[in-house]
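Written below as structure tokens is the structure these notes are about.
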Amino acid sequence: MVSRRSFLVGSGAVVCGSLLAGCSNAANAAFSVRLLNQSLPRQLINQFRSQLAKGKAVSFTPDSKIADIFQYLETWQEKATGDKSDEESRFRLPFIGQQTPTPASLVSLGDAWLETAIAQNLIQPLNLDTLEEWSSLPPRWQTLVKRNKKGFVDDSGQTWGAPYRWGTTMIVYNKQALKKLDWFPQDWDDLWDERLRDRISVIDQPREIIGLTLKKLGYSYNKGTLSDIPDLEQELKSLAQNIKFANSNTYLQPLLLKDTWVAVGWSSDILPILDNYPQLEALVPPAGTALWSDVWVQPAIANNTTPLLADWINFCWQEKSALTISLFTDGIAPRLVTPQRSTLPNDVQNQPLKFPAPDILDKSEFLYPIAPSTQTEYTQLWQTMFASGHNA
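For the record, in the sequence shown the residue sitting at position 133 is 129 according to the numbering used here, with numbers rising by one throughout.
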């Protein structure tokens, strides 16, 4: 399974117990949402409840990892189809032995999880007839969630998710550690610098790390066949000499300890720590990078009769909500990716780490699902990279 951002605790403004205490219990709610903890501003949820759900039973429940939310989708589907009993399902939940939560009306997933969720029949397509704000999404985000029944991107497919914020893969480095070199990385090419031998930590994601190598060589992150790139394997072996750790959970820890000097990871991990660690500096590579997006999806067994489901998605896509998400979380709402960027508030415009320049965005890509044969190539190349015993 693609596990991009599967280990992450969300970033940005909080959705905490004090807020949820004012909401109805999920089991009794007319509309319930499970979302990544701290991924939405508190005021956004309060505004929805007061403006569109006043007097109605609604519930917003935070989870610490996208992987936990995905596991709930699996558990709900198993119970609905009779594949697993409630007792058996408890052993699959994030905390062993807990009761299976009531199925939610909507849940938040990362775009990397869409393929598997669709292929396993864990979610159902959205009804665009009720989503009048759909047209406010830039075409790139519309394309991202239009999939066939195998989960592959398909312009003629149905719409399986509602993107509401996005971010990037970026470089972060320890200025104190690199100061003695009087040199700092500026783009992906610099990760191959000999001075970084055994000094880089990265997320343990072949699509990301092999993908940035493809970008360095002038190819797309989504290139279908890798075997016809003559220099790729040698480039990866050279990069592997500089990578000391590859771990999606802990790649930032050695950077803080100066055990590594440079790291590659997700903006949702990196941006929240910059204020607390002034020795760190980050950049979005000018050559272009990988993009990720959080999306609302509807569980396959969810009741879709409540108008609050469409109300919530449309609400998240409105301009005012898009600004709130972009100002108070570590992501940007898709709606703000517009040619009229100069009309946006300065607090949104002037954040190049969170909202990269248009020319960088134009060269950046979402990671689309790839064919099994290509996935095998990635796996083999990844294993070959670290065959010498690096800490992958």
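Even for Gly, the Cβ is constructed at its ideal location relative to N, Cα and C. All values reported here derive from a predicted model rather than from experimental measurement.
I'd like to confirm the pairing. Which residues does DSSP put opposite Asn170 in its beta bridges?
Leu276
In angstroms, rounded to a whole number, what distance separates the CA positions of Gln249 and Asn272?
14 angstroms
May I have the straight-line CA-CA distance separating Ala63 from Ile309, to the nearest angstrom?
22 angstroms
If distances are taken between C-alpha atoms only, which option among Lys233, Gln47 and Ile196 comes closest to Trp378?
Lys233
Measure the Cβ-Cβ separation of Leu133 and Trp313 and say whether it is below 8 angstroms.
yes
Please say whether Thr370 and Pro202 have beta carbons closer to each other than 8 angstroms?
no
Beta carbon of Thr285, beta carbon of Ser360: below 8 angstroms?
yes
Arg30 by DSSP, collapsed to three states: which one?
strand
Going by the CB atoms, is the gap between Val149 and Pro330 shorter than 8 angstroms?
With contacts defined as CB atoms closer than 8 angstroms, Pro330 and Val149 fail to qualify as a contacting pair.
Distance between Leu210 and Phe382 (C-alpha atoms, nearest Å)
18 angstroms
Entirely within the region 39 to 120 and at least 4 residues each: give me those alpha helix (DSSP H) ranges in chain order.
62 to 77, 82 to 86 and 110 to 115
Please work out which residues of its chain come closer than 7 angstroms, Cβ to Cβ, to Leu287, disregarding the five sequence neighbours upstream and downstream, and give them in chain order.
Trp162, Thr164, Ser360, Glu361 and Phe362
Which residues DSSP lists as bridging Ile196, in chain order
Ile239 and Val258
Who are the near neighbours of Asp200 in its chain, counting only those whose CB is closer than 6 angstroms to its CB and skipping five residues on each side?
Ala242, Asn243 and Ser244
Put Thr435 into one of helix, strand or coil per three-state DSSP.
Residue 435 lies beyond the range of the chain shown here (-3 to 388); nothing can be said about it.
Using 8 angstroms as the Cβ pair cut-off and three pairs as the minimum, do the region 263 to 283 and the region 343 to 357 touch?
yes
Does Ser46 pass the burial test, meaning 16 or more other C-beta atoms within 10 Å, or should it be called exposed?
exposed
State the Cα-Cα distance for the pair Thr339 and Ser104, rounded to the nearest angstrom.
Looking at the backbone, the Cα of Thr339 and that of Ser104 are separated by about 29 angstroms.
Please report the residue range of the alpha helix (DSSP H) in which Ser289 lies.
First-last for Ser289: Ala286 to Pro295, but that is the beta strand (DSSP E), not the alpha helix (DSSP H).
Segment contact, 8 angstroms Cβ cut-off, at least three pairs: the region 128 to 145 with the region 223 to 230:
no
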